[in-house]
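Asker: Encoded as structure tokens, here's the structure I'll be asking about.
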Amino acid sequence: MSTPTWATTLAHGSLATHAVPSPPDVRGSAAGMPFHEAMRFRAAAHHARRVYPGALGELVARELRAHADFGRELAGDGLAARLATQVLRLPAAPGT
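Laid out in structure tokens, this is it:
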């Protein structure tokens, strides 16, 4: 008497027909922001909190920090770069 095929599958595991597919290749090709540019955005974020008191300074600082962390501008209009340049040109308030 021979062993039924369903019993062999139970005893030895499933066959290779139920193999798990390999994960997709998700490496991106976007170029990252140079380190010196990210540091310029971080410096502008720090400076924004000194030149714009309150919520406005916090908002500008968060936006510039997020841009430095993300490392790429989505809009492509250069707004974040212009904002950083404008903020860095402002003199700090006395005593800060």
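First residue of the sequence shown? That's 1 in this note's numbering, and the numbers climb one at a time after it. Here a beta-carbon is modelled for each residue, glycine too, at the ideal position from N, C-alpha and C. Model, not experiment: these values are computed from the prediction.
1. Using alpha carbons as the reference points, say which of Ala38, Arg50 and Thr3 lies closest to Leu64.
2. Nearest to Phe70 by CA position, among Pro21, Phe41, Ser2 and Val26, is which residue?
3. Mind pulling the alpha helix (DSSP H) runs of 4 or more residues that sit fully within the region 13-66?
4. For the structure I just gave you, are there three or more beta carbon pairs, one from the region 43-52 and one from the region 86-95, closer than 8 Å?
5. Compute the beta-carbon to beta-carbon distance between Leu83 and Val60, rounded to the nearest angstrom, for a pair I have assumed lies under 8 Å.
6. Tell me which residue opens and which closes the alpha helix (DSSP H) that Leu79 is part of.
Answerer: The relevant details are as follows:
1. Ala38
2. Phe41
3. 35-51
4. yes
5. 7 Å
6. Leu79 to Arg89
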